[in-house]
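A.B. asks: Here's a structure for you.
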Amino acid sequence: MNPYILATLLFSLGLGTTITLTSSHWLFAWMGLEINTLAILPLMAQQHHPRAVEATMKYFLTQATGAATLLFASTTNAWLTGQWDILQMSHPLAITMVILALSLKVGLAPLHTWLPEVLQGLDLTTGLILSTWQKLAPFALFLQIQPTNPQILIMLGITSTLVGGWGGLNQTQLRKILAYSSTAHLGWMILILQFSPSLALLTLITYLIMTSSTFLVFKLNKSTSINMLATSWTKAPALTTLTPLILLSLGGLPPLTGFMPKWLILQELTKQELAPIATLTALTALLSLYFYLRLTYAMTLTMSPNNVTGTTPWRLPSLQLTLPLATLTTATICLLPLTPTMAALFNL
Numbered sequence: 001m002n003p004y005i006l007a008t009l010l011f012s013l014g015l016g017t018t019i020t021l022t023s024s025h026w027l028f029a030w031m032g033l034e035i036n037t038l039a040i041l042p043l044m045a046q047q048h049h050p051r052a053v054e055a056t057m058k059y060f061l062t063q064a065t066g067a068a069t070l071l072f073a074s075t076t077n078a079w080l081t082g083q084w085d086i087l088q089m090s091h092p093l094a095i096t097m098v099i100l101a102l103s104l105k106v107g108l109a110p111l112h113t114w115l116p117e118v119l120q121g122l123d124l125t126t127g128l129i130l131s132t133w134q135k136l137a138p139f140a141l142f143l144q145i146q147p148t149n150p151q152i153l154i155m156l157g158i159t160s161t162l163v164g165g166w167g168g169l170n171q172t173q174l175r176k177i178l179a180y181s182s183t184a185h186l187g188w189m190i191l192i193l194q195f196s197p198s199l200a201l202l203t204l205i206t207y208l209i210m211t212s213s214t215f216l217v218f219k220l221n222k223s224t225s226i227n228m229l230a231t232s233w234t235k236a237p238a239l240t241t242l243t244p245l246i247l248l249s250l251g252g253l254p255p256l257t258g259f260m261p262k263w264l265i266l267q268e269l270t271k272q273e274l275a276p277i278a279t280l281t282a283l284t285a286l287l288s289l290y291f292y293l294r295l296t297y298a299m300t301l302t303m304s305p306n307n308v309t310g311t312t313p314w315r316l317p318s319l320q321l322t323l324p325l326a327t328l329t330t331a332t333i334c335l336l337p338l339t340p341t342m343a344a345l346f347n348l
């Protein structure tokens with residue numbers, strides 16, 4: 001792609017998210033989301049591959065549906081209450097429609113079915129943008145609305161953690177596994193959103209760090225399926241030693257960074273006298289942990305003759321920058337001791 005066009009698209013991507021993050025009016029927020037969607041479409045379709053074009057089309061249709069529903073909900077709220085301000089949304093019908101529209105945009109279950117298919121059709125770099133940056137704008141809107149009915153967020157959260165765990169069990173493609181992982185993590189965030197927004201934000205930040213490092217590892221290894229992970233020993237032995245720790249951090253095992261948000265969320269749910277929901281959510285985390293363990297096993301305990309029949313990939317030096325990967329990997333593995341600092345920073 002022409003560097004000028006790429007720079008324009010990346011600028012528009014940043015601009016769309018920034019407009020939504022800074023807006024207090026529903027029309028501005030909607031406009032930011034639309035700019036965001038339109039900026040990423042050429043990046044998704046640049047492969048000129050039928051799968052990439054199909055993924056781009058699916059993404060466009062789902063995002064357009066989500067944005068139209070959001071616009072309809074905000075117009076309905078303005079019609080019923082006379083308010084266009086995001087913080088002043090008070091009508092239960094409008095709030096429910098907005099929550100469902102944003103759930104469709106980020107890929108919360110049961111509105112998640114587009115996400116694995118879209119992510120599978122993209123290359124790992126665009127997949128990284130889709131799984132991290134594209135979650136910021138809708139999540140900022142989630143943080144600003146106060147739901148009148150708390151049950152809907154709890155139901156969405158539990159469904160997402162369950163579906164995110166179950167859906168990833170049977171997959172062999174890494175991008176689909178990461179899509180279901182994304183749904184499960186968003187379920188944890190939505191579950192705690194109404195009780196402690198700052199904790200939901202902390203969970204989002206740790207999710208972004210862990211997912212970015214996972215995508216960058218797979219990109220360095222040029223791995224797109226579990227079988228291709230088996231050849232990573234010979235390509236980058238040091239990185240292959242650290243990757244299981246990154247994956248187990250995503251699964252939320254102590255003493256890794258991923259344990260921090262899960263621990264604080266379960267604590268907060270128990271404080272809110274929702275111990276059964278906390279128990280159920282903790283059990284759904286085991287489903288996700290199983291498929292991370294599968295990936296760990298494939299990387300560390302299977303040798304390269306067991307990969308896809310007969311093709312040994314070329315071991316060429318990678319041109320990818322390793323500083324972002326090194327920084328994110330360190331953050332993914334080592335931040336748990338900073339939990340008291342994080343709790344103080346986020347007023348938990």
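The opening residue of the sequence shown carries number 1 in UniProt numbering; numbering runs sequentially from there.
Glycine is no exception: its CB is placed at the ideal position from the N, C-alpha and C atoms.
Model, not experiment: these values are computed from the prediction.
(1) Under the three-state reduction of DSSP, which class applies to residue 249: helix, strand or coil?
(2) Count the other CB atoms, across all protein chains shown, that sit within 10 Å of the CB of residue 301; report buried if there are 16 or more and exposed otherwise.
(3) Taking the straight line between their C-alpha atoms, what separation do you get for residue 165 and residue 132?
(4) From the DSSP output, read off the bridge partner residues of residue 173.
(5) Do residue 95 and residue 351 have their beta-carbon atoms positioned less than 8 Å apart in this structure?
(6) Using C-beta distances below 7 Å, list every residue in its chain close to residue 223, excluding the 5 sequence neighbours before and after it, in chain order.
(7) With distance defined between alpha-carbon atoms, name the residue in 11, 68, 245, 193 nearest to residue 363.
(8) Which class does residue 185 belong to by DSSP, given the choice of helix, strand or coil?
(9) Entirely within the region 130-167 and at least 4 residues each: give me those alpha helix (DSSP H) ranges in chain order.
(10) Say whether the region 147-158 touches the region 247-257, bearing in mind that this needs 3 or more beta-carbon pairs closer than 8 Å, one atom from each stretch.
(11) Out of 99, 295, 161, which has the shortest C-alpha to C-alpha gap to residue 217?
(12) Which runs of the beta strand (DSSP E) fall wholly inside the region 236-297 and span at least 3 residues, in chain order?
(13) Is the region 4-14 in contact with the region 99-111, if contact means three or more CB pairs nearer than 8 Å?
(14) Which two residues bound the contiguous alpha helix (DSSP H) that contains residue 40?
(15) DSSP state of residue 310, grouped into three classes?
(16) Just to check my reading of the structure: residue 14 and residue 55 have Cβ atoms closer than 8 Å, yes? What is that Cβ distance to the nearest angstrom?
(17) Is the beta carbon of residue 264 closer than 8 Å to that of residue 348?
(18) Take the Cβ of residue 30 as the centre, count every other Cβ of all protein chains shown within 10 Å, and call the residue buried at 16 or more, exposed below.
(19) When we look at the beta-carbon of residue 202 and count the other beta-carbons within 10 Å, is it buried (16 or more) or exposed?
(20) Per DSSP, which one or two residues make a beta bridge with residue 85?
(21) In angstroms, rounded to a whole number, what distance separates the CA positions of residue 34 and residue 341?
(22) Could you pull the start and end residues of the alpha helix (DSSP H) that residue 93 belongs to?
(23) Let me make sure I understand the geometry here. Which of 285, 191, 225 has the alpha-carbon closest to that of residue 298?
(24) If distances are taken between C-alpha atoms only, which option among 215, 214, 150 comes closest to residue 196?
(25) If we count the other Cβ atoms within 10 Å of its Cβ and call it buried at 16 or more, is residue 310 buried or exposed?
(26) Determine, using beta carbons only, whether residue 161 and residue 281 come nearer to each other than 8 Å.
(27) In terms of residue numbering, what span does the alpha helix (DSSP H) encompassing residue 360 cover?
(28) Would you call residue 345 buried or exposed, if buried means 16 or more other Cβ atoms sit within 10 Å of its Cβ?
(29) Any idea what DSSP makes of residue 210, helix, strand or coil?
(30) Would you tell me roughly how many angstroms separate the C-alpha atoms of residue 268 and residue 279, rounded to the nearest one?
(31) Should residue 135 go down as buried or exposed, given a rule of 16 or more other Cβ atoms within 10 Å for buried?
(32) Just mark residue 36 as buried or exposed, buried being the case when its beta carbon has 16 or more other beta carbons within 10 Å.
(33) Going straight from the alpha carbon of residue 18 to that of residue 286, what length do you get?
(34) How would you write the range of the alpha helix (DSSP H) that residue 344 sits in, first residue to last?
C.D. replies: Let me spell this out:
(1) Counting from 1 along the sequence shown, the entry for residue 249 is found at position 249. The DSSP-derived three-state label of residue 249 is helix.
(2) Position 301 of the sequence shown, counting from 1, holds the residue named residue 301. In summary, residue 301 is exposed, with fewer than 16 beta-carbon neighbours lying within 10 Å of its beta-carbon over all protein chains present.
(3) The count along the sequence shown starts at 1 and reaches residue 165 at position 165. The count along the sequence shown starts at 1 and reaches residue 132 at position 132. Cα to Cα, the separation comes out at about 19 Å.
(4) Counted from its first residue, the sequence shown places residue 173 at position 173. Paired residues: 225.
(5) Nothing in the structure corresponds to residue 351, since the chain is present only between 1 and 348.
(6) Position 223 of the sequence shown holds residue 223. Closer than 7 Å at Cβ, skipping near neighbours: 174, 229, 232.
(7) Limits of the chain in this structure are 1 at one end and 348 at the other, which puts residue 363 out of reach.
(8) Indexing the sequence shown from 1 puts residue 185 at position 185. Three-state DSSP puts residue 185 in a helix.
(9) 133-144
(10) no
(11) As a position in the sequence shown, residue 217 is number 217, starting the count at 1. When each option's Cα is compared against that of residue 217, the closest is 295.
(12) none
(13) Touching, no, given that fewer than three Cβ pairs across the two stretches are closer than 8 Å.
(14) Sequence index remark: in the sequence shown, residue 40 carries index 40 (1-based). Start and end: 26-45.
(15) As a working mapping, residue 310 is identified with position 310 in the sequence shown. Because residue 310 carries a pLDDT of 49, less than 50, the predicted location of this residue cannot be relied on, and no value is offered for it.
(16) Within the sequence shown, residue 14 is the residue found at index 14, counting from 1. Within the sequence shown, residue 55 is the residue found at index 55, counting from 1. That belief does not hold up - the Cβ atoms of residue 14 and residue 55 are roughly 22 Å apart, past 8 Å.
(17) Counting from 1 along the sequence shown, the entry for residue 348 is found at position 348. Counting from 1 along the sequence shown, the entry for residue 264 is found at position 264. Cβ atoms of residue 348 and residue 264: closer than 8 Å.
(18) If you number the sequence shown from 1, residue 30 lands on position 30. It counts as buried.
(19) The residue labelled residue 202 in the question sits at position 202 within the sequence shown. Per the 10 Å Cβ criterion, buried.
(20) As a working mapping, residue 85 is identified with position 85 in the sequence shown. Bridge pairing for residue 85: 25 [DSSP].
(21) As a first step, residue 34 is located in the sequence shown; it is residue number 34 there, counting from the start. As a first step, residue 341 is located in the sequence shown; it is residue number 341 there, counting from the start. Each residue's alpha carbon lies about 37 Å from the other.
(22) The count along the sequence shown starts at 1 and reaches residue 93 at position 93. First-last of the alpha helix (DSSP H) with residue 93: 92-106.
(23) Your numbering for residue 298 matches position 298 in the sequence shown. Comparing Cα positions, the closest option is 225.
(24) Locating residue 196 in the sequence shown gives position 196, counting from the first residue. Among 215, 214, 150, the Cα nearest to that of residue 196 is on 150.
(25) Residue 310 sits at position 310 when you count from the first residue of the sequence shown. Model confidence at residue 310 stands at a pLDDT of 49, short of 50, so the residue's coordinates are unreliable and nothing is read from them.
(26) Position 161 of the sequence shown holds residue 161. Position 281 of the sequence shown holds residue 281. A contact, by the Cβ cut-off of 8 Å.
(27) It is not possible to answer for residue 360, since the shown part of the chain is limited to 1 through 348.
(28) Stepping through the sequence shown from its first residue, residue 345 is reached at position 345. Classification of residue 345: exposed, given that the 10 Å Cβ count is below 16.
(29) The count along the sequence shown starts at 1 and reaches residue 210 at position 210. If DSSP states are grouped into helix, strand and coil, residue 210 belongs with the helices.
(30) Walking along the sequence shown from the start, residue 268 turns up at place 268. Walking along the sequence shown from the start, residue 279 turns up at place 279. Looking at the two C-alpha atoms, the distance is approximately 12 Å.
(31) If you number the sequence shown from 1, residue 135 lands on position 135. Under this definition residue 135 is a buried residue.
(32) Locating residue 36 in the sequence shown gives position 36, counting from the first residue. By the 10 Å Cβ count, residue 36 comes out buried.
(33) Against the sequence shown, residue 18 aligns to sequence position 18. Against the sequence shown, residue 286 aligns to sequence position 286. So the alpha carbons of these two residues sit roughly 36 Å apart.
(34) As a working mapping, residue 344 is identified with position 344 in the sequence shown. Taken as a continuous stretch (DSSP letters only), the alpha helix (DSSP H) holding residue 344 covers 339-345.
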